[in-house]
Every structure is written in C-alpha cells, then in structure tokens.
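Accompanying notes for the structure given below.
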C-alpha cells in the first residue's frame with residue numbers, strides 16, 4: 071500500500087497520527103523503563119559499589135528494561151518516519167510535549183508518582199503550547 | 528550535570544536525524560525496510576550516537592528521580608531544537624510557534640521547581656532499639 075500524498079504534503083490527520091504513534095510508544099517505553107530503573111535502584115550507588123560493569127549488569131538483567139527499550143525503539147522508527155514528512159520544529163516539540171502530558175497521567179496511574187497541582191498546571195500550559203506549535 | 532546531558536544530547540540528536548532524513552527521498556509505508564537502511568547514513572548514525580549518550584544519562588536520572596520530574600526538567604531541549612531548526616536547518620518558525628515554545632518552557636519551569644522524587648511513607652524510626 072502506498073500513500074502518495076504522504077510524500078509531499080501530509081494532511082492534518084496524517085500528521086496527527088504520526089505524532090500520536092510517537093507519543094504512545096514513547097509513553098509505554100518510558101513508563102516501563104522508569105519502573106525498571108526504580109526496581110534496579112540508584113545507579114550511582116551501584117556503580118560506587120560494583121563499578122560500571124556492575125551497574126550495566128544490574129540494568130541488563132531487568133526484564134522490564136527490555137520491554138521499555140522495545141517500545142522506545144518503536145517510538146524511534148515512528149520519529150524517523152515523521153521526520154521524513156514533517157518539520158523538525160513541529161515534530162520534536164509536539165511529540166516531546168504531548169509525551170510529557172501522557173507521562174504525567176501514566177506516572178500517576180502506573181508508577182504511583184505524586185502528580186500534584188503544580189504538575190497538572192504544567193500539563194495544561196504544555197497543551198496550549200502544542201496547539202500553538204501546530205499553527 | 529546528568530539532567531543537562533539529557534537536555535543537550537536529545538535535541539542535538541533530533542537535529543542530526545532531521546538533517547539525515549530530509550536528505551533522503553520520501554519513504555513510503557509500503558517499504559519499511561528503507562527506514563532500516565536510513566540508519567546507516569552518516570547523519571542518522573551521528574544522531575544515534577548522541578541518542579546513546581542521552582539514554583545513558585536518562586537511565587541514570589530515572590534511577591534517582593521520578594519520571595514526571597525528569598521529563599519536564601529536561602524539556603528545555605525544546606528551546607534548543609527551535610534554535611537549531613531556525614539557525615542550522617534554516618526552517619521558518621512563526622510567531623505562534625515561538626509563543627508555543629515559550630508556554631512549554633513556562634510549564635516545564637512549574638514542574639522543575641517541585642520535588643524530584645515521590646516520598647513514600649517510611650517505617651517509623653527514631654526510637655532506640657533495645658540492646
């Protein structure tokens with residue numbers, strides 16, 4: 071299946087779908103990676119006790135880490151595809167900012183982080199910022 | 528230091544990836560293998576090297592801070608992306624986009640002023656153990 075219109079001027083919905091793919095894959099990857107790193111513990115302390123090899127071993131023996139990396143890889147290829155059709159000044163800030171909002175929600179739901187009013191206010195400001203970026 | 532590396536490496540990597548991908552012909556969804564071939568072009572390779580530096584710093588930060596703190600605290604990279612896009616890639620950035628970037632930066636400032644780690648309820652301490 072080819073999408074000729076994609077190659078030159080992607081429409082609004084196509085651009086939104088490309089950015090949404092990056093955001094969803096990034097969020098899943100970052101939440102899984104954050105959960106993995108919390109289960110591993112402070113890497114600075116591990117490196118102080120067991121050296122760099124010990125720190126790398128601690129990360130690489132955590133299954134959650136590989137699940138996170140898998141989703142981050144999907145996000146990366148989604149980013150490459152989007153950059154082939156859209157401007158960096160739209161794709162990078164829009165995907166990064168929306169990921170911030172989805173991560174705030176996912177952090178509260180799955181990682182039980184304290185997402186207080188300060189963080190929600192930031193999320194609203196970021197949403198308005200993304201709306202302006204899309205114009 | 529670690530958060531600074533995350534903020535700098537990510538936008539530089541994005542700029543390299545963008546430079547590399549815009550030099551390539553348009554990629555169709557019917558040929559996903561061309562995305563893999565793109566990985567071996569110089570700009571994309573440099574972008575990936577920077578992403579590895581970003582990822583190492585990012586993992587270290589995540590081991591001692593909340594995800595909802597690390598991401599916003601390092602989102603100043605958006606401003607760096609805008610500057611790189613404008614002055615290196617020669618992209619045009621409208622006044623509205625600049626306003627959007629400013630709002631995002633203000634939002635990031637809100638989050639960054641809070642605590643970096645969620646405090647979990649700890650067992651009561653302070654009483655002397657019986658010897």
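Chains as they are written, first to last, in the numbering used here: chain A, 71 to 205; chain B, 528 to 658. From the three backbone atoms N, C-alpha and C, an ideal C-beta is built for every residue, glycine too.
Grab me the residues of residue 178 (chain A)'s own chain with a C-beta within less than 7 Å of its C-beta, minus the 5 sequence neighbours each way, in chain order.
185
Under three-state DSSP, which class holds residue 625 (chain B)?
helix
Of the residues B:591, B:548, B:610 and B:614, which one's Cα is nearest the Cα of residue 629 (chain B)?
B:610
With 9 Å as the C-beta to C-beta threshold (strictly closer), list the residues of the segment 577-598 of chain B near chain A in chain order.
578, 582, 585, 586, 587, 588, 589, 590, 591, 593, 594, 595, 596, 597 and 598
Is it buried or exposed, residue 528 (chain B), if we count other Cβ atoms within 10 angstroms and call 16 or more buried?
exposed
Which residue marks the beginning of the alpha helix (DSSP H) containing residue 186 (chain A), and which one marks its end?
First-last for residue 186 (chain A): undefined, no H or E at that position.
If we cut at 8 Å on Cβ distances, does residue 551 (chain B) have a partner in chain A?
yes
So, is residue 586 (chain B) buried or exposed, given that buried needs 16 or more other C-beta atoms within 10 angstroms?
buried
Residues of its chain near residue 547 (chain B), where Cβ-Cβ distance is below 6 Å and the 5 sequence neighbours each way are ignored:
568, 570 and 571
Simplified DSSP assignment, three categories, for residue 538 (chain B)
helix
Among residues of its own chain, excluding the 5 on either side of residue 591 (chain B), which ones have a beta-carbon nearer than 6 Å to its beta-carbon?
none
Residues in its own chain within less than 6 Å of residue 73 (chain A) by CB, not counting five upstream and five downstream?
For residue 73 (chain A), the predicted structure reports a pLDDT of 40, less than 50, and the residue's modelled location is therefore unreliable. A value from the coordinates is still provided. Result list for residue 73 (chain A): empty, nothing under 6 Å.
Is it true that the CB of residue 573 (chain B) sits closer than 8 Å to the CB of residue 536 (chain B)?
no
Identify, in the order they occur along the chain, each residue of the same chain with its Cβ nearer than 7 Å to the Cβ of residue 615 (chain B), setting aside the five sequence neighbours on each side.
542
Helix, strand or coil at residue 582 (chain B) according to DSSP, with G and I counted as helix:
helix
With a Cβ-Cβ cutoff of 8 Å, do residue 181 (chain A) and residue 128 (chain A) count as a contact?
no
Throw me the rounded Cβ distance for the residue 110 (chain A) and residue 173 (chain A) pair, which I believe falls under 8 Å.
Actually they are not in contact, since the Cβ atoms of residue 110 (chain A) and residue 173 (chain A) sit about 19 Å apart, beyond 8 Å.
So is residue 533 (chain B) in contact with chain A if we call contact Cβ pairs under 8 Å?
no
Taking only beta-carbon atoms, is residue 71 (chain A) less than 8 Å away from chain B?
Because the pLDDT at residue 71 (chain A) is just 38, under 50, the model does not fix this residue reliably, and the value given afterwards should be weighed accordingly. Judged by the 8 Å Cβ criterion, residue 71 (chain A) is in contact with chain B.
With residue 115 (chain A) as the anchor, note down where its alpha helix (DSSP H) starts and where it stops.
113-130
How many whole angstroms separate the CB atoms of residue 144 (chain A) and residue 197 (chain A), which I take to be in contact at a CB cut-off of 8 Å?
With 8 Å as the limit, residue 144 (chain A) and residue 197 (chain A) do not qualify as a contact, their Cβ atoms being about 24 Å apart.
Going by CA-CA distance only, name the one from A:170, A:157 and A:202 that's closest to residue 627 (chain B).
A:202
Quick test of the definition: if touching needs 3 or more C-beta pairs under 8 Å, does the segment 116-132 of chain A touch the segment 160-171 of chain A?
no
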